[in-house]
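In this note's numbering, the protein residues as written are 36 to 242.
Written out below as structure tokens is the structure these notes cover.
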Amino acid sequence: MKLYTSSFAPNPRRVAMFIAEKAIAGIEPVLVDLAAAEHRSAPFLARNPFGRVPALELDDGRVLCETRAICTYIEGLHPQPNLMGEGFDERAFIEMADRRVELHLFAGIANCVRHTHPGLASLEQPQFADFGASQGEKMRETARWLDQELAQHPFVAGARFTIADITAYCALEFARGLMKFKPGAEGFSHLQAWRERMAERPSAARA
Numbered sequence: 036m037k038l039y040t041s042s043f044a045p046n047p048r049r050v051a052m053f054i055a056e057k058a059i060a061g062i063e064p065v066l067v068d069l070a071a072a073e074h075r076s077a078p079f080l081a082r083n084p085f086g087r088v089p090a091l092e093l094d095d096g097r098v099l100c101e102t103r104a105i106c107t108y109i110e111g112l113h114p115q116p117n118l119m120g121e122g123f124d125e126r127a128f129i130e131m132a133d134r135r136v137e138l139h140l141f142a143g144i145a146n147c148v149r150h151t152h153p154g155l156a157s158l159e160q161p162q163f164a165d166f167g168a169s170q171g172e173k174m175r176e177t178a179r180w181l182d183q184e185l186a187q188h189p190f191v192a193g194a195r196f197t198i199a200d201i202t203a204y205c206a207l208e209f210a211r212g213l214m215k216f217k218p219g220a221e222g223f224s225h226l227q228a229w230r231e232r233m234a235e236r237p238s239a240a241r242a
């Protein structure tokens, strides 16, 4: 299999971290240069008409896109260590936590960065600065909720490490780099402590 990915983009990092947690070998990374618009090239668009990474090319030639779908496929091939839930009950609650983080934290950060950071101007046309700024504020509302959740249990979805932690960590690292967002500096002490624990995991290290 081949994983079409890119450096520093948060969604590819989510998949890379998921693979690293499972200690899977044999998936060939293929770097896509977003700055050079390789994601808009005809060969890449033939794999993913939306022109986005990551994309997982299977051995039979089919291409699986969308981060969560790729992780679901990998979980099916390599069910242990389990990251998406054992049984329908746990799976549902982990998916709820993961979707909340993805839709309200991750998306808010992505929209803020895409519409306010000058370095992203070539990738996001047109940029709407007011929209981006408002997304940055809404993201902080979600960060406050997550801080309260992490005051009650050690991981995003409860008592153990799951895909929801990967989504939240990659989102916050994206915000730390491009929004200069540091949870502890804004009063989110539980979120900051969780981030420090996540950063110690081998899967969090960049290649």
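For every residue, glycine included, the Cβ atom is placed at its ideal position computed from N, Cα and C.
Please read these numbers as outputs of a predicted model, since none were measured by experiment.
Report task. Starting from PRO64, follow the beta strand (DSSP E) in both directions and report where the run begins and ends. Result -> 63–66
**Report entry** CB-CB length for THR102 against VAL148, believed under 8 Å
**Finding:** Between VAL148 and THR102 the Cβ distance is about 17 Å, and since that is not below 8 Å, they are no contact.
Query raised in the report: Are the Cβ atoms of PRO64 and LEU38 separated by less than 8 Å?
Result: yes
**Report entry** ALA90 in three-state terms, based on DSSP
**Finding:** strand
Query - Separation of MET36 from GLY61, as counted between CA atoms - result: 7 Å
Query - Where the alpha helix (DSSP H) containing THR107 begins and where it ends - result: 102–112
Query raised in the report: By Cβ distance below 6 Å, which residues in the same chain neighbour ASP133 in space, the five residues on each side in sequence not counted?
Result: ILE198, ALA199, THR202
Query - Length of the line joining the Cα atoms of ASN117 and PHE223 - result: 29 Å
Requested in this report: Would you mind stating whether VAL136 and ALA194 have Cβ atoms separated by less than 8 Å?
Outcome: no
Query raised in the report: Going by beta carbon distance, what residues of the same chain come within less than 7 Å of PRO47, once the five residues before and after it are set aside?
Result: THR40, SER41, VAL88, PRO89
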